[in-house]
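Visitor: Encoded as structure tokens, here's the structure I'll be asking about.
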Amino acid sequence: MTGNELREAHRKLGLSANGAARLFQVSSGRTVRRWWSGERDVPGPVIVLTRALMESPSVRGFFGLVIDEG
0 MTGNELREAH RKLGLSANGA ARLFQVSSGR TVRRWWSGER DVPGPVIVLT RALMESPSVR
60 GFFGLVIDEG
């Protein structure tokens with residue numbers, strides 16, 4: 000998953016950089032923005048959880064997220 004793909008998935012899930020940082024338990028939104036920009040590789044567990052969130056309504060429900068189709 001590229002940084003752009005991750006950013007788009009997070010946008011659809013309504014996650015800001017800071018919100019994604021809390022979800023993935025990283026130090027700050029700056030870390031997430033580095034993933035988005037491609038400055039840093041997206042960690043494997045972040046890819047797995049993001050894909051699960053995008054594909055599974057039950058996983059989204061567990062985390063209290065919904066997909067914005069707009």
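For what it's worth, numbering that gives the first Met the number 0 labels the leading residue of the sequence shown as 0, then goes sequentially. Every residue, glycine too, gets a C-beta built ideally from N, C-alpha and C. The model shown is predicted, which means the values in this text are computed figures rather than measured ones.
Assuming the contact rule is C-beta atoms closer than 8 Å, Arg39 and Ala16 should be a hit. Round their C-beta distance to whole Å, please.
Guide: Translated into the one-based positions of the sequence shown, residue 39 becomes position 40. Translated into the one-based positions of the sequence shown, residue 16 becomes position 17. Contact doesn't hold; Cβ gap of about 13 Å is too wide.
Visitor: Exposed or buried, Thr49, counting other C-beta atoms within 10 Å across all chains shown (16 or more means buried)?
Guide: Taking the sequence shown and counting its residues from 1, one reaches residue 49 at position 50. Answer is buried; the Cβ neighbour count reaches 16.
Visitor: Which of helix, strand or coil does DSSP assign to Gly13?
Guide: Taking the sequence shown and counting its residues from 1, one reaches residue 13 at position 14. It is coil, neither helix nor strand.
Visitor: Compute the distance between the beta-carbons of Arg34 and Gly2, then report whether it is under 7 Å.
Guide: The residue you call residue 34 lines up with position 35 of the sequence shown. The residue you call residue 2 lines up with position 3 of the sequence shown. The sequence shown places Trp at residue 34, rather than the Arg named in the question. Yes, these two residues count as a Cβ contact at 7 Å.
Visitor: Looking only at its own chain, which residues have a Cβ that is under 6 Å from the Cβ of Met0, when we skip the five neighbours before and after it?
Guide: In the sequence shown, residue 0 corresponds to position 1, counting from 1. Correct list, in chain order: Val41 and Ile46.
Visitor: From what residue to what residue does the alpha helix (DSSP H) around Arg32 run?
Guide: Walking along the sequence shown from the start, residue 32 turns up at place 33. Here the alpha helix (DSSP H) through Arg32 covers Gly28 to Ser36.
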